[in-house]
Amino acid sequence: DSQPSQGSQLTEGPVGSLGCCGWVLVILSGFFVFLTFPITIWACFKIVQEYERAVIFRLGRITDRKAKGPGIFFILPCTDSIVKVDLRTVSFDIPPQEILTKDSVTVSVDGVVYFRVSDPIASVANVTNADFSTRLLAQTTLRNVLGTKNLAEVLSDREGIAHSMQSNLDEATDNWGIKVERVEIKDVKLPHQLQRAMAAEAEAAREARAKVIAAEGEMNASRALKEASLVIAESPSALQLRYLQTLNTIAAEKNSTIIFPLPMDVISHFMRK
C-alpha cells in the first residue's frame, strides 16, 4: 500500500541531503551523545507498537522514504524528531446532512466511513491533519453524490451510492496516504408529510392490485361455472347427483331444517305449459 512515488515529492533533494551545516550539526549531536553516554543513550532508543509507524525528521527533513517500525530504532535526540502514525482502521459517523435530491426533495442522510493510513510519510507531510480532513471530505462527498440522485434512487440504491462515495473518497485522499476501505449509508430520514403521502400512495396501489386480483378471480370463476354448466347440460342426471351431494352436506351439519330442491325436469315440465 505504500506509495514511494508520492514520497519522492516531499523533499527537494535525495535522502539525507542536509547540506554542510546540517552534517556538522549531526556530527556534533552524535559526539555529544557519545560524551554523555550512558545518560543520553536512553533518549536515543524509541519503540513503536506493531500497529504504529514512526516518521523521522532530521533537521526538518524526512530521513528515509520508509517509516520506521514496528519495534525499536535509534535516533539522535538533538537533531531528530519523530511523529507516530497509527495504521489501524478508523471508523467515524458522518453527521446527518440535509440534502436536496435531484427531484427537489429534502432528505436527511447519515453514514459511516472506514479508512486507514496506507502511507505514513504522505499522511504526515502532505496534509496537516489527515483524520480531520477525511471527515470533512466525507461530508461534502455525501452531499455531492446524493445531489445527483432522485428520491427513488436514494431509497433503493444505497449500495451503489456507498460504492460511488468510496471511489470518490479513495481517489481524493490518495495523495494524503489514506485508504478508504468501506462506506455505508446508515439512515435516510424523510419529512413527515412526505412519509404520509408515500404511505397513502402505497395503500392506494395495494388496493388497486387487490381489486385487479379479485376481478381476475371472478373472471376465472365465471369461466369455470360456464364449463361446468355445459357439462351438466350434456348429462341431466349429473344435476341430480349434485342435489344428492348437497343433501348429504346439509345432513352432516345436523341442521333442524332440510330443504329439498325440486328436480329440474319437473320444473321444466311446468315451464313448457
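If you read the sequence shown in the numbering used here, its first letter stands for residue 319, the second for the next number, and so on.
Just so it is clear, CB atoms sit at the ideal spot from N, CA and C, and this is done for glycine as well.
None of the values given here were measured: they were computed from a predicted structure.
Exposure of P356 is indicated by the presence of fewer than 16 other C-beta atoms within 10 angstroms of its C-beta. Minimum Cα-Cα distance from F363 among the listed residues T446, D505, K497, G387 corresponds to G387. Counting only residues of its own chain and dropping the five nearest sequence neighbours on each side, I400 has a CB closer than 7 Å to the CB of K364, A372, V373, I374, I393. For G478, the uninterrupted alpha helix (DSSP H) run begins and ends at 476-490, by DSSP. Between V463 and S482 a beta carbon distance of about 5 Å is seen, short of the 8 Å cut, so the two are scored as contacting. Between the segment 414-431 and the segment 452-461 there are three or more inter-stretch CB-CB distances shorter than 8 Å, so the stretches are counted as touching.
When rounded, the separation of the alpha-carbon atoms in A480 and P395 is 46 Å. Just so you know, the alpha carbons of V403 and E370 end up roughly 6 Å apart. Here the segment 415-423 makes no contact with the segment 432-439; the two share fewer than three CB pairs at distances below 8 Å. Within the segment 357-425, the runs of alpha helix (DSSP H) that reach at least 4 residues and sit entirely inside it are, in chain order, 359-362. Per DSSP, the unbroken beta strand (DSSP E) holding V506 starts and ends at 496-507.
By the Cβ-count criterion, T564 is exposed, with fewer than 16 other Cβ atoms from all chains shown falling within 10 Å of its own Cβ. Judged by DSSP secondary structure, D449 falls within the alpha helix (DSSP H) whose first and last residues are 448-464. Of the residues assessed, F433 falls on the buried side of the cut-off, its CB having 16 or more other CB atoms within 10 angstroms. Straight through space, the alpha carbons of A456 and A490 are spaced by roughly 10 Å. With fewer than 16 other beta carbons inside 10 angstroms of its own, Q367 counts as exposed.
In the three-state DSSP reduction, F349 falls in the helix class (H, G or I).
Within the model, the alpha-carbon separation for G478 versus E471 is close to 9 Å. Between A443 and I359, the C-beta spacing is not below 8 Å.
Note on K467: 16 or more other CB atoms within 10 angstroms of its CB, so buried under the neighbour-count rule.
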